[in-house]
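Down below is the structure, laid out as structure tokens.
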Amino acid sequence: MARYIFVTGGVVSSLGKGLSSASLAYLLKSQGYKVRVRKMDPYLNVDPGTMSPFQHGEVFVTDDGAETDLDLGHYERFTNISAKQSDNITTGKIYSEIIKKERKGGYLGKTVQVIPHVTDRIKQFIKTDIKDEDFVICEIGGTVGDIESLPFLEAIRQFSNEIGKNKTMFIHLTLVPFLKSSDEIKTKPTQHSVKELRSIGIQPDIVICRSQQSIPFDQRKKISLFCNVPIQNVIETVDVRTIYEAPISFYNEKLDKQVLKYFRLKPKKKVNLQNWKKITKTVLNTKKTLNIAIIGKYVNLKDAYKSLDEALIHGGIKNNVKVNLIRFESDKIKKNQIKKIFKNVSGLLIPGGFGKRGTDGKIAAINYARKNKIPFLGICFGMQMAIVEFAKNVLKIKNAGSTELSKNVFPVIALMSEWNKNGRLIKGTNKNLGGTMRLGSYEAKLRHNSLIHKIYKSKSVFERHRHRYEVNNRLKNKFEKKGLIFSGMSPDNQLPEIIELNNHPWFVGVQFHPEFKSRPLSPHPLFCSFIKAAKLN
Ligand code: GLN
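Right under this line is the structure:
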């Protein structure tokens, strides 16, 4: 039977619960155990799909098409285990299911309540779709003391009581601040946070203390005493220099050892940290830098393109360069500034996006990269804009555009239902956008001898999608005659998945999001190749 490890956070948010859970998962997996990592989010959105990246950072997409919290991206990148729909739940989802059931009379006249109905559903989520896993690490979003997270904490308390302390463990992550004025490390916030947790019946088994500097023995003793945790289980996590150091740091702090000891288990294999050490060294020691311009809408928010930033760094590690991301907000770009943007830039990346704002700047930049032979990678919306640019400026279709941006365009990009068989727009089609996204993993067949074929070294690939609009396939011949090749197609040959330019060193657009599948220990070939081309530029 699986053992369940619940990870909660206290004092402040953004302490790195996701990274801690992911690192622990890696360490356990590396010692021969089968692991699953899940996230419970206390907010009322049904999923993060409709949330602005400004609010919540990137929406991470799983193979099976779930739009999830970006922490699932951390889990995947560290464990290399594909997350599933069943690994992320929100309060909104739970409530919407419960209310639906109630409307159908599913509760047989009972009063529907947080306890037991909501907590029962949470407990069910924790166990759903678990088969032969040895460990299920379950992160609870938010901070202890939030009103929103209470039902989750109550549910994990009940869960532990039901399946037994020997099969469940509570890890609490807190902040141990350093006060400059008194030159002291302070344990009081941790004491209070654990007190809060204990007041709802949860006694942590391990306290992970996030701190700027190493915590002296006396302070650890204090935490142990006040929080009722053995001193070996007061684990410190001092800010790492790069996130790839986190598994090494937690190993040195014996987090995995204490977890196994708690469950009376022994490692089945010796932990392997060689690869993490190698990439940490590369990240910290690489001097050569490479500037990549990213033009997008949410460039000023740190986590809005989390997986993308990571994938570019992975590509840099593979090529022994430090990738310097220079972010430009698309709607602030004036046409006459384009040349300036490219001054010290070796490659251009246009990421995924939605809506009209800032598209002119993106198109102008793509035009510059195409003409001046600057390596270009267009992802999803970025690829669509490359098609629009080419249609306007090379095919001379003056009003070429995407129907996402205006209805008065010649549709080179449109909802599939909007085309007639000549590739022209059908007026007055269904404008309903709900439930029309292509989400999750789809296959693309790659054209023999194309650049993309050489990059992937494979005839077919599976990549993750998150979009509504598609490239109008009926113009394929026109594009190809002028040198823009549709080098990846859906297996039924209907949907263009990848485009590339002949007579250009490196110009690729992909309808999917390759960044979701890049891992620090196995960087994605597309990003490796893009960075390599940029390095040569
Ligand atoms: N807005 C575009 C679409 O829906 C692209 C989406 C994206 O870049 N993820 O097709």
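In my numbering, the protein residues as written are 1 to 537.
Every residue gets a Cβ at the ideal spot worked out from N, C-alpha and C, and that includes glycine.
Just so you know, these numbers come straight off a predicted model, no measurement behind them.
Verify whether the separation of the beta carbon atoms of residue i and residue j is less than 7 Å.
| i | j | result |
| --- | --- | --- |
| Asp64 | Gly352 | no |
| Leu484 | Leu495 | no |
| Gly9 | Ser307 | no |
| Gln191 | Gln232 | no |
| Ala293 | Leu377 | no |
| Tyr456 | Pro525 | yes |
| Ile171 | Ile215 | no |
| Phe263 | Arg3 | yes |
| Ala400 | Lys392 | yes |
| Ile200 | Ala155 | no |
| Pro520 | Ile279 | yes |
| Lys297 | Gly382 | no |
| Asp41 | Thr90 | yes |
| Gly488 | Ile452 | yes |
| Ile413 | Val321 | no |
| Gln219 | Phe178 | no |
| Ser460 | Glu443 | yes |
| Ser30 | Val271 | yes |
| Ala22 | Phe78 | yes |
| Ser193 | Val144 | yes |
| Thr174 | Val11 | yes |
| Pro491 | Gly315 | no |
| Ile338 | Ala364 | yes |
| Lys356 | Leu405 | yes |
| Gly92 | Asn45 | yes |
| Thr168 | Ile223 | no |
| Asn436 | Glu418 | The identity of residue 436 in the sequence shown is Thr, whereas the question assumes Asn. No, the pair does not count as a contact, with Cβ atoms beyond the cut-off. |
Any idea what DSSP makes of residue i, helix, strand or coil?
| i | result |
| --- | --- |
| Glu133 | coil |
| Thr168 | strand |
| Val345 | coil |
| Cys380 | coil |
| Arg38 | strand |
| Ala293 | strand |
| Ser522 | strand |
| Thr242 | coil |
| Pro48 | helix |
| Met489 | strand |
| Arg157 | helix |
| Val259 | helix |
| Lys542 | Residue 542 is absent from the structure shown; the chain starts at 1 and stops at 537. |
| Lys340 | helix |
| Arg327 | strand |
| Arg264 | coil |
| Ile279 | helix |
Between the options, which has its C-alpha nearest residue i's C-alpha?
| i | options | result |
| --- | --- | --- |
| Gly243 | Leu19, Tyr26 and Asn493 | Checking the displayed sequence, the identity of residue 243 turns out to be Ile instead of Gly. Nearest option by C-alpha distance: Leu19. |
| Tyr469 | Pro411, Thr91, Lys222 and Lys221 | Pro411 |
| Lys266 | Tyr33, Ser522, Ser182 and Leu15 | Tyr33 |
| Tyr26 | Lys396, Asn275 and Phe354 | Asn275 |
| Lys195 | Cys227, Val12 and Lys131 | Cys227 |
| Val176 | Glu236, Gly358 and Gly296 | Glu236 |
| Pro116 | Arg157, Leu255 and Gly401 | Arg157 |
| Cys138 | Arg38, Thr119, Arg121 and Lys334 | Arg38 |
| Ile326 | Asn291, Val7 and Val144 | Asn291 |
| Lys517 | Glu480, Thr62 and Gly105 | Thr62 |
| Arg474 | Phe462, Asn493 and Ser458 | Asn493 |
| Asn537 | Thr79, Pro505, Phe527 and Lys180 | Pro505 |
| Phe512 | Phe527, Glu463 and Ser529 | Glu463 |
| Cys380 | Leu405, Phe354, His56 and Ile140 | Phe354 |
| Ser47 | Asn367, Asn166, Asp87 and Thr79 | Note that residue 47 corresponds to Asp in the displayed sequence, not to Ser. Cα-wise, what sits closest to Asp47 is Asp87. |
| Lys373 | Thr286, Asn503, Thr436 and Lys254 | Asn503 |
| Phe152 | Val345, Tyr95 and Pro230 | Tyr95 |
| Glu148 | Ser181, Val114 and Arg103 | Val114 |
Does the beta-carbon of residue i, which I'm using as the reference point, lie nearer than 6 Å to any heavy atom of the ligand GLN?
| i | result |
| --- | --- |
| Phe381 | yes |
| Phe516 | no |
| Tyr442 | no |
| Leu305 | Strictly speaking, residue 305 in this sequence is Tyr, with Leu absent from that position. No, the beta carbon of Tyr305 sits no closer than 6 Å to any heavy atom of the ligand GLN. |
| Phe60 | no |
| His467 | yes |
| Phe354 | yes |
Check whether the Cβ of residue i lies closer than 7 Å to any Cβ atom in chain B.
| i | result |
| --- | --- |
| Ser211 | Although the question refers to chain B, the structure presented lacks it and comprises just one protein chain. |
- Task: Could you name each continuous beta strand (DSSP E) segment of 3 residues or more that falls completely within the stretch 425-482, going from the start of the chain to the end?
- Result: 438-446 and 460-467
- Completely contained beta strand (DSSP E) runs for the stretch 351-404, where each covers 3 or more residues: 376-379 and 400-402
- Task: Can you check the stretch 88-153 for any alpha helix (DSSP H) of at least 4 residues that lies completely inside it and give the ranges in chain order?
- Result: 91-103 and 119-127
- Quick one: which unbroken beta strand (DSSP E) runs of 3-plus residues sit fully inside the stretch 180-253? Chain order, please. 206-211 and 234-238
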